[in-house]
Amino acid sequence: MLNLAKRYKFDIIDYLYIIVGAFITATAFQVFLLPNNIVSGGTSGVSIITLDLFGWDPYIVQYALNIPLLAVAYLFLGKEAGNKTVLGSMILPFFIGMISHWPPVTHDRFLATIIGGAVGGIGLGIIFRAKASTGGSSVPAQIIHKYTGLSLGTSSMIVDGGIMLLTFLTFEVDVIMYGVINLYVTAFAIDLVQVGFNTHKNVLIITKETEKVRSDLMNSLERGVTNIQIRSSVDDSNKEMLMCVIPEREFPYMKELITSYDPEAFVVVTSASEVMGHGFSITKQFEALGHSTFIQEHNPKDTVK
């Protein structure tokens with residue numbers, strides 16, 4: 072009974088995300104993109120093209136395009152995502168029609184491109200967090216994300232980039248360039264909502280002073296460290312690699328600490344967009360590559376200072 076109640080709670084939150092995200096996306100389209108003829112990709116971008124070519128009402132065009140894509144969503148994304156996509160694909164055109172009388176915020180095309188892309192990307196990112204979409208190009212973007220592992224922002228840019236090619240039928244080159252900029256800003260905003268500001272670094276360290284570095288990382292920086300057994304391809308010897316995830320602001324201190332023990336230490340730094348669990352992700356990645364690994368984790372709380 073408790074699990075059922077939690078499930079309903081999450082469903083309600085997801086549907087609220089979809090409604091709020093759709094309204095934000097509709098606002099970006101209506102007050103920034105549409106008045107300035109900025110093609111943003113997706114069904115909204117197609118509706119701008121058909122409005123310019125044939126004078127067709129944008130929100131009616133979006134309804135017509137979304138209907139066949141709903142079947143695709145059910146087929147490739149599953150029933151739950153399909154149900155949520157029905158809501159997103161129906162409510163976005165509804166909001167666009169509801170606020171169609173709102174005046175444009177600016178007639179500066181560059182400002183409209185940047186702000187419209189950012190606001191629209193935030194709206195789409197909120198919808199994607201609910202494992203839903205607004206129909207249109209969001210459906211194939213989610214399919215690409217699901218089956219390739221590309222980020223939702225990148226997947227959206229690929230699909231919408233194809234739609235941007237249609238702008239050559241009706242718009243001038245400068246309009247197309249604004250559209251490309253808008254796609255990039257939108258993709259960036261989507262990924263920002265999905266993973267947040269990236270403030271952590273994943274640091275891999277191979278050093279001759281493994282124990283000293285590990286001990287100091289745990290005692291001085293108070294960070295957990297994972298030991299990974301590896302084999303060098305240079306001399307075919309077994310080595311030990313340290314992995315430590317730290318806030319970005321602490322990396323200069325870590326760098327100084329490592330070089331103080333071993334100036335020739337091999338250090339690789341990558342951005343950690345999301346960190347979950349204890350060693351699960353890296354174990355899975357190594358095993359997926361067919362490597363046998365031994366991973367030992369150390370928690371600073373387990374060390375007596």
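If you want our numbering, it's the 1-based position in the sequence shown plus 71.
Every residue, glycine too, gets a C-beta built ideally from N, C-alpha and C.
Residue from the options with nearest C-alpha to residue i
i	options	result
L337	L292, E282 and L275	The sequence as given places Phe at residue 337; Leu does not occur at that position. Ranking L292, E282 and L275 by Cα distance to F337 puts L275 first.
L87	I131, F125 and F199	F199
S204	T184, I186, L313 and S227	S227
I299	K310, L237, V305 and G233	K310
L237	I84, T98, V91 and I109	I109
V176	I167, G168, G187 and F166	G187
V296	V143, I317 and V244	I317
Y218	T270, D123, H178 and F147	F147
I84	S303, Q101 and A201	A201
I328	S286, M312, I301 and S171	It is worth fixing the name first, because residue 328 is Leu in this sequence and not Ile. Looking at the Cα atoms, S286 is the closest of the given residues.
Y249	V91, G92, F103 and D82	F103
H172	K150, Q101 and G149	Q101
E243	S303, N107, I170 and G92	N107
I138	G168, S160, K326 and V246	S160
G168	I301, L292, D128 and I247	D128
M325	N290, D82, I170 and G224	N290
D123	D307, G233 and V246	V246
D26	E151, S308, A142 and T121	Because the chain spans 72 through 376 in this model, residue 26 falls outside it and cannot be assessed.
Euclidean distance between Cα positions of residue i and residue j
i	j	result
R180	T156	31 Å
A189	F239	24 Å
A212	I229	8 Å
A183	F166	19 Å
L158	I89	8 Å
P174	F94	16 Å
I277	F259	33 Å
A343	E319	10 Å
L195	I162	13 Å
S303	T270	31 Å
I185	H178	13 Å
L292	T330	15 Å
G233	G149	25 Å
I119	V305	58 Å
V143	G224	20 Å
Proximal residues to residue i (C-beta, below 6 Å), its chain only, five neighbours per side dropped
i	result
P164	Y130, Q133 and Y134
T341	N273
Y332	E280, K283 and V284
Y145	G153
P334	none
G191	T96, A99 and T257
C315	V274, L288, R294 and V296
F322	K272
I301	K310 and M312
7 Å Cβ shell around residue i - same chain, five flanking residues per side excluded
i	result
L136	T114, V117 and G207
V339	L275
V251	M235
I193	I95, A260 and V264
T121	W127 and V132
Proximal residues to residue i (C-beta, below 8 Å), its chain only, five neighbours per side dropped
i	result
F125	none
I215	L221, S226, I229 and V230
S308	R302
Proximity below 8 Å, CB of residue i to CB of residue j
i	j	result
L254	G112	yes
L105	V210	no
V91	I170	no
For this session: Could you name each continuous alpha helix (DSSP H) segment of 4 residues or more that falls completely within the region 125-183, going from the start of the chain to the end?
Result: Secondary structure remark: continuous alpha helix (DSSP H) runs of at least 4 residues inside the region 125-183, in chain order: 129-148 and 150-169.
Exercise. Where in the region 260-309 do unbroken runs of the alpha helix (DSSP H), each at least 4 residues long, occur, reported from the N-terminal end onward?
Worked result: If we require 4 residues or more, the alpha helix (DSSP H) runs fully inside the region 260-309 come out as 281-290.
Exercise. Which residue spans inside the region 311-346 form an unbroken alpha helix (DSSP H) run of at least 4?
Worked result: 322-332, all fully within the region 311-346.
Exercise. Which runs of the alpha helix (DSSP H), 4 residues or longer, sit entirely within the region 199-229?
Worked result: Annotation note: the region 199-229 contains the following uninterrupted alpha helix (DSSP H) runs of length 4 or greater, listed N- to C-terminal: 209-219.
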